[in-house]
């Protein structure tokens with residue numbers, strides 16, 4: 029029954045599978061089992077044999093091998109996935125909300141004329157309906173959607189356990205011929221650029237003081253730095269701080285930054301959008317300081333206060349002296 | 012190059028997000044709308060590109076509360092043309108918005124289309140990718156460092172962990188901007204008010220598209236997962252407790 033199959037789109041950089049691929053495989057297995065279908069995984073790249081050996085969580089690997097897929101190439105990937113789905117129909121396509129997944133999900137939905145549910149944190153079948161809950165508005169609201177029939181689901185990275193999909197050993201690998209369109213892509217991938225070595229490697233720190241939008245001004249960063257120094261840690265930040273160029277990219281925690289798991293994570297004026305939570309939820313102790321009592325960060329922190337950070341931090345510094 | 016920037020107006024997330032009585036949608040009338048933060052970055056990058064390479068910047072927004080203000084603000088910042096797209100339900104989803112922008116763009120000359128990479132209400136996907144797919148032109152999301160060289164566009168795409176990839180493409184192309192090369196500029200309120208009196212917005216009416224969106228069953232607030240234990244007492248009490256917790260978990264150095 030091809031119609032009840034689930035297709036996971038594997039994500040990798042240079043053949044190294046991203047954590048989210050296993051998260052999708054875990055969720056995909058639950059959906060495929062409920063529908064009585066197979067779980068298949070699309071592996072797009074060039075020379076990807078090694079990666080297939082980690083995809084034992086799927087029933088089959090559908091592999092497209094082509095030089096144009098050497099680096100992540102949105103146009104080529106979409107064309108290849110359309111080909112994969114033409115030859116191996118699947119009712120549900122699972123991608124993620126990462127930088128890569130974002131370039132695929134909506135494009136596939138339009139090309140295949142399927143509905144898309146994005147930012148899903150979970151999904152289940154209710155009879156013929158696929159029901160998914162999306163985290164929207166910076167994680168402040170959840171929206172439950174239902175679709176019947178074929179669909180694309182874009183799943184939040186970090187929302188599902190990776191262990192459920194991590195099975196070593198390669199399942200059957202089926203080669204799918206690269207479509208002709210891959211030879212005539214308009215977009216050209218030129219090169220991959222590794223991040224420059226940062227002044228501080230925030231993934232190695234024991235204590236992180238994270239500043240978010242609530243820090244208000246670049247002028248207030250020295251206060252956060254002073255606190256980090258007093259605690260023997262480093263300053264990191266959420267995305268808006270880096271987008272404003274107040275701190276370098278090497279200090280950014282979250283989806284487009286780094287995943288960290290320090291012993292202590294002190295979040296100052298961080299709202300806790302899903303993209304940020306993804307990067308820090310495994311910290312040992314999370315303390316959140318935010319005047320907005322409805323900020324999603326409080327869902328994920330162990331301790332919190334709605335006292336103003338500009339009162340709390342000086343008091344904290346005083347106490348640590 | 013001529014640059015088009017379709018912008019989204021989204022609820023201000025700093026304010027309380029009120030729901031309607033049956034919990035099926037936001038109470039849109041109770042919300043304040045503002046330009047999506049990423050769209051502001053897309054506009055800034057467009058203006059920077061125009062200042063460096065010439066060409067024009069056209070900004071488009073779907074008609075709703077605050078659309079005029081957002082469009083006049085874009086003009087005050089240096090955009091050449093501002094278009095209000097009418098004929099669409101103002102609380103429409105991103106997919107319908109993409110259809111509407113596609114229809115409106117039929118009357119706009121552009122080489123490069125810059126959008127914000129995402130918006131807080133993108134349940135049906137991101138505007139840029141949807142729009143590119145409807146227009147059947149290439150797209151790249153999470154983009155920074157756009158430059159023009161002769162007839163080609165060079166750009167960086169950001170991946171997790173600070174990894175970048177560099178791409179080149181000949182127009183037309185849609186780029187979902189992650190961050191502009193500098194923080195979005197500020198438009199003086201007096202200048203915006205002056206333009207509201209002196210300048211005018213172009214209007215393009217489009218027919219409401221008949222796409223189908225996934226049915227919304229309910230909208231609700233997350234119930235605290237494990238939830239934080241909120242610290243009680245004075246600022247000093249709170250600081251003392253945080254210091255105690257942090258030092259205990261950090262361990263000895």
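Protein chains in written order, with my numbering: chain E, 29 to 349; chain P, 12 to 264.
All residues carry an ideal CB built from backbone N, CA and C; glycine is no exception.
Check	Outcome
Using CA atoms only, rank isn't needed, just tell me which of 130/E, 156/E, 154/E is closest to residue 144/E.	130/E
Name the DSSP bridge partner or partners of residue 150/P?	185/P
Start and end of the alpha helix (DSSP H) containing residue 253/P?	246 to 261
Use the C-beta contact count for residue 31/P: other C-beta atoms within 10 angstroms, 16 or more gives buried, fewer gives exposed.	exposed
Can you list, in chain order, the residues of its chain with a C-beta nearer than 6 Å to that of residue 311/E? Leave out the 5 residues immediately preceding and following it.	289, 290, 293
Could you check what DSSP says for residue 298/E in three-state terms: helix, strand or coil?	coil
If we define contact as Cβ-Cβ less than 8 Å, is residue 145/E a contact residue for chain P?	yes
Between the beta-carbon of residue 167/E and the beta-carbon of residue 250/E, is there less than 8 Å?	no
By alpha-carbon positions, which one of 205/E, 316/E, 165/E, 195/E ends up nearest to residue 47/E?	195/E
Assign residue 330/E to one of three DSSP states: helix, strand, or coil.	coil
What residues of chain E sit near residue 178/P, judged by a beta carbon separation below 7 Å?	215, 216, 217, 218
Along the chain, where does the alpha helix (DSSP H) that runs through residue 263/E open and close?	Careful: residue 263/E lies outside any alpha helix (DSSP H), inside the beta strand (DSSP E) at 262 to 265.
Quick one: what does DSSP say residue 94/P is sitting in, helix, strand or coil?	strand
Our contact map puts residue 70/E next to residue 37/E with C-beta atoms below 8 Å; I'd like the distance itself, whole angstroms only.	5 Å
Kindly indicate which residue of 39/P, 226/P, 168/P, 181/P has the alpha-carbon position closest to the one of residue 220/E.	168/P
Under 8 Å, do residue 120/P and residue 13/P count as touching if we go by C-beta distance?	yes
Mind reading off the beta-carbon distance from residue 261/E to residue 296/E? Whole number of angstroms is fine, and I expect it under 8 Å.	Actually they are not in contact, since the Cβ atoms of residue 261/E and residue 296/E sit about 13 Å apart, beyond 8 Å.
Report the residue from 109/E, 203/E, 170/E, 349/E whose alpha carbon sits nearest the alpha carbon of residue 77/E.	203/E
Using a Cβ-Cβ cutoff of less than 7 Å, which residues in the same chain neighbour residue 56/P once the five nearest sequence positions on both sides are dropped?	125, 157, 188, 191, 192
Looking only at DSSP bridge pairs, what is residue 217/E linked to?	178/P
Enumerate in chain order the residues of its own chain whose CB-to-CB distance from residue 133/E is below 7 Å, with the five nearest sequence positions on each side excluded.	123, 144, 146, 180, 182
Mapping the DSSP letters down to three states, classify residue 77/E as helix, strand or coil.	helix
Along the stretch 40 to 65 of chain P, where does the CB come closer than 9 Å to a CB of chain E? Name the residues.	48, 49, 52
Residues bridged to residue 45/P by DSSP?	21/P
What's the gap between the Cα of residue 241/P and the Cα of residue 224/E?	39 Å
Tell me which residues of the stretch 307 to 326 of chain E have at least one Cβ-Cβ distance to chain P shorter than 9 Å, keeping chain order.	307, 312, 313, 314, 315, 316, 317, 320, 321, 322, 324, 325, 326
Are the beta-carbon atoms of residue 83/E and residue 207/E separated by less than 8 Å?	no
Alpha carbon to alpha carbon, what distance is there between residue 287/E and residue 74/E?	27 Å
Secondary structure at residue 13/P, three-state DSSP: helix, strand or coil?	strand
Is residue 241/P close to chain E? Criterion is C-beta to C-beta, closer than 8 Å.	yes
At a cut of 8 Å, does the stretch 41 to 51 of chain P reach the stretch 127 to 144 of chain P through at least three beta carbon pairs?	yes
Which residues in chain E have a C-beta closer than 7 Å to the C-beta of residue 110/P? List them in chain order.	Going along chain E, no residue has its Cβ under 7 Å from residue 110/P, so there is no contact; the nearest lies around 10 Å.
What does DSSP give as the partner residues of residue 231/P in its beta bridges?	170/E
Counting only Cβ pairs nearer than 8 Å, list the residues of chain E close to residue 156/P.	Within chain E, no residue comes near residue 156/P; the closest Cβ sits about 10 Å away, beyond 8 Å.
Do three or more CB pairs link the stretch 53 to 72 of chain P to the stretch 21 to 37 of chain P at distances below 8 Å?	no
Looking at chain P, is there any beta carbon in it that lies within less than 8 Å of the beta carbon of residue 29/E?	Confidence at residue 29/E is low in this model, with a pLDDT of 41, below 50, so the placement of that residue is unreliable and no value is reported for it.
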